[in-house]
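Structure first, then comments.
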Amino acid sequence: MVATGYGMWINWNGELNPAVVQTLQDYGGLQVEVDRDQALWFFFSSDVFLAAARLSVWAKFNALQLYAQIIPSKLLFSPKREISFSLDTALTAQSIIVPDSCQIWIHPKCRADGKGLPGLTFKPEGSRSGLAPVEWSSLIVDPRLPYQSTLGWYGVVKPLGNTMEKNFLEGWRSYSSEIKDLLERLNIKFIVQDSYLVFHLENLQMLRQWTREHLMLVDELKASNRDLYWPAVVAVTNKRGLNFTPDLPKKMGLDWNQLVPDFPHMSYRSGYLLGRSFEVHDVNFSLDSNSVDDWCKVTMAVDHSVENGMLPIRTSKHLIAGTHDHCFYCGMRSHTSAECPTRSLTKLTPKVWQQLSTLSFDEFNKGFDLIESQLGKKDAEALKKIQASKDHDGILLNAVYGVNELSQLRMMQHMWVCRGKDFAKGLEEVVPRDSNPVWGTLSYLMSGDYHVADKELANICIRAPRDPRPRMLAGFVAMERGDDHKAMMMWKEAEILSNTMLKQAYCVFLQARLLEYTAQYQKASDLYSRVLRMCPTMTDAQYRKSVCQVKIGFAEQAMSSLISLVESTPHFFNRVLIDPEMERGHIQVLSALYTPWVEAESQVEKAIEELGNLKKEVHEWFDEGSPFFIKSMKQIDRMNAATDIKNYVSYMLILQGCKRLAKDLDRYVTKEAGILKKRFQDQRERLRYIREEAAWFPFPRALVEFNKNYNLCAANIAWALKTHFQVADIFKKAQLLADTEERRLERLEKRLKFLKVVRDSTLFMLIMSRTFFWIEVAFMCIVVVALPLSMFYGQQTGMEWAQGLLFKEKWDIQKQLILGFSVFAIIASCFRTVIVFDKVREKYFNKARGIA
67 MVATGYGMWI NWNGELNPAV VQTLQDYGGL QVEVDRDQAL WFFFSSDVFL
117 AAARLSVWAK FNALQLYAQI IPSKLLFSPK REISFSLDTA LTAQSIIVPD
167 SCQIWIHPKC RADGKGLPGL TFKPEGSRSG LAPVEWSSLI VDPRLPYQST
217 LGWYGVVKPL GNTMEKNFLE GWRSYSSEIK DLLERLNIKF IVQDSYLVFH
267 LENLQMLRQW TREHLMLVDE LKASNRDLYW PAVVAVTNKR GLNFTPDLPK
317 KMGLDWNQLV PDFPHMSYRS GYLLGRSFEV HDVNFSLDSN SVDDWCKVTM
367 AVDHSVENGM LPIRTSKHLI AGTHDHCFYC GMRSHTSAEC PTRSLTKLTP
417 KVWQQLSTLS FDEFNKGFDL IESQLGKKDA EALKKIQASK DHDGILLNAV
467 YGVNELSQLR MMQHMWVCRG KDFAKGLEEV VPRDSNPVWG TLSYLMSGDY
517 HVADKELANI CIRAPRDPRP RMLAGFVAME RGDDHKAMMM WKEAEILSNT
567 MLKQAYCVFL QARLLEYTAQ YQKASDLYSR VLRMCPTMTD AQYRKSVCQV
617 KIGFAEQAMS SLISLVESTP HFFNRVLIDP EMERGHIQVL SALYTPWVEA
667 ESQVEKAIEE LGNLKKEVHE WFDEGSPFFI KSMKQIDRMN AATDIKNYVS
717 YMLILQGCKR LAKDLDRYVT KEAGILKKRF QDQRERLRYI REEAAWFPFP
767 RALVEFNKNY NLCAANIAWA LKTHFQVADI FKKAQLLADT EERRLERLEK
817 RLKFLKVVRD STLFMLIMSR TFFWIEVAFM CIVVVALPLS MFYGQQTGME
867 WAQGLLFKEK WDIQKQLILG FSVFAIIASC FRTVIVFDKV REKYFNKARG
917 IA
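Structural data, given as structure tokens:
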């Protein structure tokens, strides 16, 4: 089998942007071969020019080093349906240096097929060195046109059996109900007739998704709920030349009685466009299959990838659909901006994302179903009632309101009292509300009295020309009145007058939101980029840029940036799922998020096992009273509670929490091991001091118990200083030992104080005794020698007192002198000992230590 079509040879530098691959696939491209920095793609139709135009437009706003050629080619199918590429020999010998920008060149044989497409022109380039010697042309694209793919299909599900039988009626009713639920979940249009069901698949992504979900549904019903299954044949045809009408099965030119039930039947062209997740099989009613437009049947590949899966989320139509444009404040279409329920909100709700992360997908769907049923009653107060609810529906609705919280009046009021300089953390730095009259003017906006609000704000601006707050409010008043130009001017003035970068970035964000609100998506993206330069932590701006791409129609290209946001901040995963402004790319979003979801789900199973091991390790390394043990157990309990919640944020809490806890454990053990070593070294120094001080105690027999404790402490400290604490048992033992030896050292130091008192008292008495002895000896000599001499010389000189007093009371005088001198000696020795005690003590200690 041979298919004549268009080849595309692409070359790039570095890593190829996933948006390129996604775009080529969505326009019907088959990647036949890829090798390093080049690849060959095949297109069955002239949609190759639309894909090239889409890439060219996208490259104008995103850096893309890419060279592509559109060349004539053939796709060859072997009897085993293996694919090969056929090209002219001159084309296979080409070489090219990739330019700095995106360049797309057209072969002259293909140029004529693209000339009829609006917005495309071809600039002659002649021949170039390294390329085939033909007259090449470069593609020039008008970026204002959408370049929508012409791909599209109609499908029919037709039950088998006699339509007049009761079993048929019951079985088909049950089975068609399941099919209709599937189509509604995928947002696919369909028509139900008595004996068949017709549906419309608008693009290739939808064809892939429906085929996969249909095959999975059939397998599930056959395996687990046979009563709901009824055999039916399915056919999908290209929509060209056909209309979406109930008589479509008659115009398909197909013998329905020859089709195999359950497996979708389509052309080989469509079957191969589904990708490697599916297998294409020949049908048994056609012996010859010479054209890619002949019928085949499709099944799931045995080793199929989950890349085309979709998250099972059903949002409420009443939150998305409506007759109005998207609301400036919340993004819904069920009301105007002046009627938005968020206008009455005054407090920010950052905790709502944490609450949302506790809901599984089933709870998501139940909450949205409850919202849908309540809003379907057309109660004017329904939204307020749901918002006040503490159940799942209330959490979901408040989260929907929180998606665009930065553009709402409650954020403006918070900015008026905010004094922080960084986003998120800076919002917590607030001051009390002042008496500025702008607060009162806000009530006029809330009541819809715009004329009075404008008049009051004009007066306030005159009285306070440097205050940005009345300009901020005036911008919202003008926006609700429909005066977008004035709103933009007011927010620009507020930006200039704002005194912090956070408030300036906030004013620029409002300007970007206004451009997005008025469908000026490219200008809005540029302003959102400016917000990120001013305040890099304001990730809402990056998210809004992705939303702008989805609104333009570049949903696939927006997925890479959205996934990057999800990886850095997991709460964006839930935010994307419930954003009412994402409906244009709802299928692509759910499909794109399916892969990270499945990866996280598969990793969580290993993380749960790792969590158990970490809990065991914490028990092994630390006692229950340890601060790290208490902190770690709280984290582990929180992660264990999240294991039962099928939510990406909960999974990330487990995955990131396990990694963080493992790192914290290693870091804390290393840190504590160092602290323990230092602690034991300090204890060793204290013990050494105790030893030196206790060695001078004069009564060694009184130190038996003291020495016993000292020796035990010394042995334990010596063991600790020689041991590495990288084993849980040893580390835990060392922690207990450090506390034990600390208490033992305290007892030794307390005992040492008493020993030092005894030692110093003893030394003091010895020094004082020696001093007393020598003073006493000196005084005795004076008494013994001086008194007789005085008597002798008194007699010689004839002194009467010497003869009478001394001879008569000699012994009494001696006694008095001895007693007086002894008392004086005691006092003198005490004073001298006090003065010289420290010096003498250190002298003896140094002498004993061998210090000169």
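FYI, our numbering numbers position 213 of the sequence shown as 279, with every residue one higher than the one before it.
The C-beta atom is built at its ideal place from N, Cα and C for all residues, glycine as well.
Close CB contacts of T187 within its chain, under the 6 Å cut and outside five residues either way in sequence, are with I206 (chain order). In this structure, DSSP gives T507 a helical state, which the three-state scheme calls helix.
Taking the C-beta atoms as reference points, V418 is found nearer than 8 Å to A465. With contacts defined as CB atoms closer than 8 Å, L581 and A571 fail to qualify as a contacting pair. Residue nearest to T408 within the set F838, L463, F695 and K521 is L463 (criterion: CA-CA distance). Here P165 really is in contact with Q131; their C-beta atoms are around 7 Å apart, less than 8 Å.
Across the set V504, D515 and V86, the C-alpha of V504 shows the shortest separation from the C-alpha of L523.
Residue pairing from DSSP places T187 in a beta bridge opposite I206. For L802, the closest alpha carbon among the candidates I379, R210 and E738 is that of E738. Taking all protein chains in view, the Cβ of R102 is surrounded by fewer than 16 other Cβ atoms within 10 Å, so the residue is classified as exposed. With a cutoff of 8 Å on beta-carbon distance, G185 and L217 are scored as not near each other. Taking 3 residues as the shortest admissible run, the region 477-552 contains no complete beta strand (DSSP E) segment at all. In this structure, the straight-line span from the alpha carbon of W78 to that of T661 is close to 25 Å.
Inter-residue distance for S382 and L248 is about 15 Å (C-alpha atoms, whole angstroms). For the pair of segments examined, the region 360-367 was found to touch the region 326-343: the number of CB pairs separated by less than 8 Å reaches three. A residue is called buried when at least 16 other Cβ atoms come within 10 angstroms of its Cβ; A540 meets this threshold and is buried.
In the three-state reduction of the DSSP assignment, A134 falls in the strand class. In the three-state reduction of the DSSP assignment, Y220 falls in the strand class, which pools E and B. Per DSSP, Y338 is one residue of the alpha helix (DSSP H) stretching across Y334 to L339. Taking one beta carbon from each stretch, the region 725-735 and the region 683-698 have 3 or more pairs nearer than 8 Å; the two touch.
Distance from the CA of I720 to the CA of S668, rounded to the nearest whole angstrom, comes to 12 Å. Residue range F427 to L441 is occupied by the alpha helix (DSSP H) that includes G433. According to DSSP, A301 shares a beta bridge with V222 and H331.
In this structure, the beta-carbon distance from I783 to L753 falls below 8 Å.
Take the alpha-carbon of L563 and the one of R529: they are about 15 Å apart.
K881 has its alpha-carbon roughly 19 Å from the corresponding atom of W840. The closest CA to that of V900, considering only F845, F838 and Q420, is found on F838.
Between the region 87-97 and the region 265-276 there are three or more C-beta pairs closer than 8 Å, enough to call the two in contact. With a threshold of 16 other beta carbon atoms within 10 Å, L656 meets it and is buried. In the displayed model, L414 falls within coil according to three-state DSSP, outside both helix and strand. With 16 or more other CB atoms across the displayed protein chains lying within 10 angstroms of its CB, S139 is buried. Per DSSP, Q586 lies in no beta strand (DSSP E) segment and is marked neither H nor E. The alpha-carbon separation between N431 and D710 amounts to approximately 17 Å. In the three-state reduction of the DSSP assignment, K383 falls in the helix class, which pools H, G and I. In this structure L308 does not touch K316 by the C-beta definition: roughly 11 Å separates them, more than the 8 Å allowed. With a beta-carbon spacing of about 13 Å, L811 and Q747 fall beyond the 8 Å limit used to define contacts.
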